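Take a look at the structure set out below.
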Amino acid sequence: MKRRDFYKLILGTTVGVAGVTLLGGCASKISREARDKKAGDPFRCSKCGYLTRSKVSLTLRRCPRCYTKNMVAISEEDMARFLAEEAAKKDAKKTEKK
Ligand SMILES: [Zn+2]
32 MKRRDFYKLI LGTTVGVAGV TLLGGCASKI SREARDKKAG DPFRCSKCGY
82 LTRSKVSLTL RRCPRCYTKN MVAISEEDMA RFLAEEAAKK DAKKTEKK
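Residue numbers for the sequence shown follow the numbering used here, beginning at 32 and rising by one.
Encoded structure:
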């Protein structure tokens with residue numbers, strides 16, 4: 032194997048691993064604004080479940096997490112429920128590790 036090929040391989044692997052980590056759920060599904068009611072109305076990505084808030088409509092905007100145009104407006108009740116669900120999932124993961 033040539034040296035240049037070796038570096039290409041390393042670079043490819045690094046980018047690949049980073050990509051998988053990002054798609055594998057390490058990126059938070061909850062934006063910093065999600066819990067802040069002052070940040071605007073609640074929106075959710077119907078593809079990956081990303082939760083955020085915005086004062087302008089995000090409907091049909093690209094999701095910052097999965098980049099598909101699946102953002103939909105949700106109610107405050109739904110937002111609270113999804114936030115609780117995500118928190119429960121995180122707790123479940125922590126318990127599994129132990
Ligand atoms: Zn998404």
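No residue lacks a Cβ here, since even glycine has one placed at the ideal position from N, Cα and C.
Note that the structure is a prediction, hence the values are computed from the model and not measured.
Query, Result
"What does Met102 pair with, by DSSP beta-bridge criteria?", "Cys76"
"What's the gap between the Cα of Arg84 and the Cα of Phe113?", "13 Å"
"Looking only at its chain, what residues have a beta carbon closer than 8 Å to the beta carbon of Asp109, apart from the 5 residues adjacent to it on each side?", "Pro73 and Arg75"
"What separation, rounded to the nearest whole angstrom, lies between the Cα atoms of Gly80 and Asp122?", "18 Å"
"State yes or no: is the beta carbon of Lys78 nearer than 8 Å to at least one beta carbon in chain C?", "Structure shown: chain C not included; a single protein chain is present."
"Answer yes or no: the CB of Lys100 versus the heavy atoms of ligand 1, is any distance below 7 Å?", "no"
"By Cβ distance, which residues of its chain are closer than 8 Å to Ala94, with the 5 residues on each side in sequence left out?", "It should be noted that the sequence gives Cys, not Ala, for residue 94. Excluding sequence neighbours, Cys94 sits near Cys76, Lys78, Cys79, Tyr81, Lys100, Asn101 and Met102."
"Does the separation of the CB atoms of Ala58 and Glu64 fall below 8 Å?", "no"
"Taking the C-alpha atoms as reference points, what is the distance between Asp67 and Arg96?", "19 Å"
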